[in-house]
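Working notes for the structure below.
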Amino acid sequence: MKENYVYPAIVRKMGEEIEVSFLDFPDLIAVADDENEIIRAAQEVLALTILDYVDQGKKLPEPSMASGNIIYIHVWMPYFKNTTKEIY
1 MKENYVYPAI VRKMGEEIEV SFLDFPDLIA VADDENEIIR AAQEVLALTI
51 LDYVDQGKKL PEPSMASGNI IYIHVWMPYF KNTTKEIY
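Counting from 1, one number per residue, gives the positions in the sequence shown under the UniProt record's numbering.
Written as structure tokens, this is what we have:
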């Protein structure tokens with residue numbers, strides 16, 4: 001597993017909430033109530049998805065080269081790996 005991952009995402013205002021969807025993970029969505037929370041929420045959901053892929057031995061998609069109204073979400077995996085705990 002690499003230490004750093006960067007994936008493109010689209011930000012949308014959905015009523016009172018802000019939604020981030022990832023181009024390379026079609027079913028992955030982060031939702032937050034305000035702009036201060038959305039990047040952190042997107043990083044967390046992306047990091048957990050990456051950890052799931054690695055744990056299941058699945059190949060991660062290559063980040064798309066995107067243009068237009070997109071942002072790039074960066075996760076530094078050592079931080080997120082240390083914040084997740086497995087419960088048995």
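Just so you know, even glycine gets a beta-carbon here, dropped at the ideal spot from N, CA and C.
Cβ neighbour criterion (16 or more within 10 Å) applied to residue i
| i | result |
| --- | --- |
| Tyr72 | exposed |
| Tyr79 | exposed |
| Gln56 | exposed |
| Val45 | buried |
| Val75 | buried |
| Val20 | buried |
Beta bridge counterpart(s) of residue i as assigned by DSSP
| i | result |
| --- | --- |
| Lys13 | Ile18 |
| Phe80 | According to DSSP, which records beta bridges pairwise, Phe80 is partnered with nothing at all. |
| Ala41 | DSSP output for Ala41 lists no bridge partner at all. |
| Asn4 | Trp76 |
| Ala47 | Ala47 is not bridged to any residue. |
Rounded distance between the beta-carbons of residue j and residue i, thought under 8 Å
| i | j | result |
| --- | --- | --- |
| Pro8 | Pro63 | 6 Å |
Sequence-distant residues of its chain with Cβ nearer than 6 Å to residue i (five each side left out)
| i | result |
| --- | --- |
| Tyr88 | Note that Tyr88 scores a pLDDT of 46, beneath 50, so its modelled location is shaky; the value from the coordinates is reported in the next line. Contacts found: none. |
| Val31 | Glu17 and Glu19 |
Cutoff 7 Å; reference residue i; Cβ partners in own chain excluding five residues on either side
| i | result |
| --- | --- |
| Ile70 | Pro8, Ala9 and Ile10 |
| Lys13 | none |
| Met1 | Val54 and Met77 |
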